[in-house]
């Protein structure tokens with residue numbers, strides 16, 4: 001039999017992995033879409049609809065639709081003042097958390113000490129305690145007859161107790177303690193991803209330690225700074241327990257007014273409108289901050 005008569009077996013076709021059809025991909029993400037729709041979109045739509053309802057006597061809301069709740073929320077001097085105070089509180093707590101949290105995050109990300117695990121526990125320990133308990137702890141420390149005032153009086157440094165609570169000072173101190181871990185954790189993750197040899201290379205080329213940090217480490221850690229500051233700012237705007245416990249009647253935030261409108265005054269449309277106005281202002285502030293930091297990061301690069 002000649003070689004020419006031997007027919008080579010046909011090569012088996014190569015099977016390639018095919019992407020799942022679009023319908024199958026939709027079914028894969030369907031559970032997440034359902035959760036988002038039920039627990040996020042529907043409540044928001046309900047709040048929007050509630051904010052358009054007219055107020056009523058003896059009922060949460062009346063029939064029909066109106067923009068009067070938004071008109072009052074955007075024109076009432078007292079409500080606008082509380083909104084400005086709430087935004088100012090967020091703009092105060094956020095940079096303080098950044099100034100305190102960045103050195104801690106940088107040390108946690110770069111340390112090789114055997115005590116690193118203990119440091120992580122100390123940073124995360126506030127998250128293991130409820131915000132009510134933490135706020136109550138600060139109430140004990142900052143009250144007129146609290147630990148701090150009693151210690152200062154016993155040392156002879158002051159004659160009477162300082163006003164450390166029922167004002168913005170006490171609320172700011174407590175909120176910084178409550179939200180500081182939310183600033184540190186994003187920073188740690190980003191700083192750990194920065195190669196230390198980059199800063200060492202800058203030092204070898206003649207840059208000082210400060211200049212190497214400002215030109216190398218700081219620009220590369222901008223994603224963590226952005227994530228931490230946005231997270232702390234948004235959480236501060238929505239804080240309720242801490243301002244109520246440490247601010248008393250002297251410190252009002254939009255969250256406090258919303259709860260008062262819903263529960264005390266039984267005015268659901270007014271509370272919903274105030275909540276949505278705060279949400280819109282927070283989103284605008286975050287968008288402006290993201291645009292500003294994007295330009296700033298380009299200038300540092």
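In full-length UniProt numbering, the protein residues as written are 1 to 301. By construction, the Cβ of each residue, glycine as well, lies at the ideal position given by its N, Cα and C atoms. Fair warning: this is a prediction, and the values are worked out from it, not measured in the lab.
So the candidates are the options; which of them puts its Cα closest to the Cα of residue i?
i           : options            : result
residue 219 : 236, 245, 153, 190 : 190
residue 267 : 50, 38, 23, 39     : 50
residue 229 : 258, 257, 184, 192 : 184
residue 68  : 115, 263, 187, 271 : 271
residue 213 : 156, 284, 194      : 194
residue 226 : 65, 95, 88         : 95
residue 149 : 165, 136, 134, 135 : 165
residue 57  : 269, 284, 278      : 269
residue 65  : 98, 30, 48, 110    : 48
In the DSSP assignment, the alpha helix (DSSP H) including residue i goes from what residue to what residue?
i           : result
residue 44  : 42-51
residue 165 : Segment: none, residue 165 is in no alpha helix (DSSP H) and carries neither H nor E.
residue 60  : Unbroken run through residue 60: none, as it is neither H nor E.
residue 35  : 22-36
residue 212 : 209-212
One question on the structure: do residue i and residue j come within less than 8 angstroms of each other, judged by their Cβ atoms?
i           : j           : result
residue 124 : residue 181 : yes
residue 142 : residue 170 : yes
residue 62  : residue 53  : yes
residue 82  : residue 286 : no
residue 108 : residue 120 : yes
residue 252 : residue 85  : yes
residue 199 : residue 216 : yes
residue 139 : residue 186 : no
Run through DSSP, which three-state label would residue i get?
i           : result
residue 16  : Its pLDDT being 46, under 50, residue 16 is placed unreliably by the model, and nothing is read from it.
residue 271 : helix
residue 7   : Its pLDDT being 47, under 50, residue 7 is placed unreliably in this model, and the value from its coordinates should be taken loosely. Three-state result, residue 7: coil.
residue 102 : helix
residue 291 : helix
residue 197 : helix
residue 286 : helix
residue 296 : helix
residue 225 : helix
residue 219 : helix
residue 157 : coil
residue 316 : Residue coverage of the chain in this structure runs from 1 to 301, which leaves residue 316 outside it and unanswerable.
residue 204 : helix
residue 66  : coil
residue 129 : coil
residue 144 : coil
residue 281 : helix
residue 1   : Reliability of the predicted coordinates at residue 1 is poor, the pLDDT of 45 falling under 50, and no value is obtained from them.
Would you say residue i lies against chain C (beta-carbon separation less than 8 angstroms)?
i          : result
residue 39 : This model lacks chain C altogether, as it is built from one protein chain only.
Completely contained alpha helix (DSSP H) runs for the region 228-265, where each covers 4 or more residues
241-247, 254-259
Jot down the residue ranges of each uninterrupted beta strand (DSSP E) in the region 72-125, minimum 3 residues, whole runs only, in chain order.
none
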